[in-house]
Every structure is written in structure tokens, then in C-alpha cells.
Amino acid sequence: MAVKDLLVRDTQAPPAGAEPPVVPVRPLPAQTARPEAPLTGREKWGYVFWGSLAAAILVTEAIAAFWSDFPVPTISGTTGHLEHEHHWVKLIVLGGIVLLGTRIIFYPWPYRRLDD
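Numbering (our numbering), first residue to last: 1373 to 1488.
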């Protein structure tokens, strides 16, 4: 009990008329993150390609989640079937997840531009 008394104060009512200190509100700085140049044709086509691929995968997975007789095999179902049939596939899947996680954590390393 003695240790508790040393570490924990009893609650006290604030004095009458006491107000919290007033801190002036600083305005937020202007957003200056603007692209240096417009997107190149390669970047635009990259967005189109990867966006279309992501949409196709998401739509297929979403339809299969609600319709059990969907005729197209999903990526998750195919991977699960392969992992069940061949145990070494689990290592490849785990390795891919580890590489992806490492790449996300240490972005933009190791592919830095020479002018950085």
C-alpha cells in the first residue's frame, strides 16, 4: 500500500474558476505536394493495366464469395488447392508474402534513382 501511495495521487477537484490554458491555434501549412511533371504515357498505361488487373481479380473474388457455383476458379481457391496437394507450394506462397512485406516496409529501397 505504501508503494501505491507513492506512485498514485488521489483525485482532486479543480479549483473554482480554473480554466485550461489557452493555446493559440496555428493554421495548417499549405499543401505543396504537387507532381513535378505530368504523367508520361508509360505511367498512364501502367495505371490502366494494373487497375484493370486489380478490378478483374476483385470482381472475380467478390462474385465467387457470394456464388458457390461460380465457374471461374479464384486465385485464393487455386492457391489453397495447390497448398493442400503439394506442401512445397506453401513455402513459395510464404516466400512471396515475405518478399512483398519486405519491399513495402523498406520502400523505395533498393530501387533508388541516381539523382536521389
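Beta carbons are placed, not taken as given, at the ideal position from N, Cα and C, and that holds for glycine.
Cα-Cα separation between residue i and residue j, rounded to whole angstroms
i	j	result
Phe1442	Gly1449	12 angstroms
Ala1427	Phe1438	17 angstroms
Val1420	Val1461	31 angstroms
Pro1445	Glu1455	15 angstroms
Leu1466	His1459	12 angstroms
Gly1468	Val1431	23 angstroms
Pro1387	Lys1376	25 angstroms
Glu1415	Pro1407	13 angstroms
Asp1488	Gly1423	For Asp1488, the pLDDT reaches just 46, beneath the cut-off of 50, and the residue's location in the model is therefore unreliable, although a value from the coordinates is still provided. Answer to the nearest angstrom: the Cα atoms are 28 angstroms apart.
Start-to-end residues for the alpha helix (DSSP H) that takes in residue i
i	result
Tyr1419	Gly1413 to Phe1438
Leu1454	Ile1447 to Glu1457
Leu1471	Trp1460 to Ile1477
Asp1377	Ala1374 to Leu1379
Proximity of residue i and residue j at Cβ, strictly below 8 angstroms
i	j	result
Ile1429	Ile1447	yes
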